[in-house]
Amino acid sequence: MNRRELLLSGAAAIGVVAGATALRMGGAQNARAAETFEVTKTEAEWRAILSDAAFNVLRKEGTEYPGTSPLLNEHRKGIFACAGCGLPVYSSETKFDSGTGWPSFWQEIPNSVGKTVDRSLGMTRTEVHCRRCGGHLGHVFDDGPPPTGLRHCINGVALTFKPATG
49 MNRRELLLSG AAAIGVVAGA TALRMGGAQN ARAAETFEVT KTEAEWRAIL SDAAFNVLRK
109 EGTEYPGTSP LLNEHRKGIF ACAGCGLPVY SSETKFDSGT GWPSFWQEIP NSVGKTVDRS
169 LGMTRTEVHC RRCGGHLGHV FDDGPPPTGL RHCINGVALT FKPATG
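Quick note: the sequence shown, position 30, residue 78 per our numbering, numbers continuous.
Here it is as structure tokens:
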């Protein structure tokens, strides 16, 4: 069993997807609270513009169920942007099939994301958030493909897709 399979089986065993919010202990949200973002809204304003699922992920650090995002099978050329503020965060040129059930990328667009240490769920991970609005996107792991060796495991509901024109 490789590390990814071990983590995924462990996550399923303790109900991470369904109960992540309830189990959070010192998550990345606390670290982001001290940051200042260009786009800020009240909780009511975020709820008015985001779906319930997007609000749960972007604003409450939730996780969508694996394999449920239509963006998982998006293979056109284009840009994946933050669903909260529209900032371009990933290019289709860096997307790959990680086999995890979430859209995965080996690199972000420069100056698009922030990273914080996430110590929730009894492990230490690198959380990725939109640098403009602070919305939670997902996590970065060191088991990705060349050239970076990174896997940005991103919730599809936290993204929108803009196909390339022409």
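We treat Cβ as the ideally placed atom computed from N, Cα and C, and that holds for glycine.
For clarity, every value in this text was computed on a predicted model and none was experimentally measured.
Item                                                                                                                                        : Value
With a Cβ-Cβ cutoff of 7 angstroms, do T208 and A131 count as a contact?                                                                    : yes
Go ahead and pull the three-state DSSP assignment for F189.                                                                                 : strand
Quick check on F103: does DSSP put it in helix, strand or coil?                                                                             : helix
Which class does E156 belong to by DSSP, given the choice of helix, strand or coil?                                                         : coil
Quick one: grab the DSSP three-state call for T208.                                                                                         : strand
Use the C-beta contact count for F103: other C-beta atoms within 10 angstroms, 16 or more gives buried, fewer gives exposed.                : buried
Give the range of the alpha helix (DSSP H) segment to which R95 is assigned.                                                                : E91 to I97
Rounded to the nearest angstrom, how far is the Cβ of K143 from that of S152, given a contact under 8 angstroms?                            : 7 angstroms
Since E109 sits in a beta bridge, which residues does DSSP pair it with?                                                                    : The partner list for E109 (beta bridge, DSSP) is empty, contrary to what the question assumes.
Can you say whether T111 is buried or exposed, counting buried as having 16 or more other CB atoms within 10 angstroms of its CB?           : buried
Among T174, P193 and D166, whose alpha-carbon lies nearest the alpha-carbon of E141?                                                        : P193
Which of the three DSSP states is assigned to T88 in this structure?                                                                        : coil
What number of angstroms, rounded off, separates the C-alpha of S146 from the C-alpha of R199?                                              : 8 angstroms
Which whole-angstrom value is the C-beta distance of V188 and V176, which I expect to be below 8 angstroms?                                 : 6 angstroms
With respect to 6 angstroms, is the separation between the Cβ of E175 and the closest non-hydrogen atom of the ligand SAM below this value? : Ligands are entirely absent from the displayed structure, and the ligand SAM is therefore not among its contents.
In terms of DSSP beta bridges, what is R199 paired with?                                                                                    : F189
Note down the Cα distance separating W154 from P195, rounded to an integer number of angstroms.                                             : 8 angstroms
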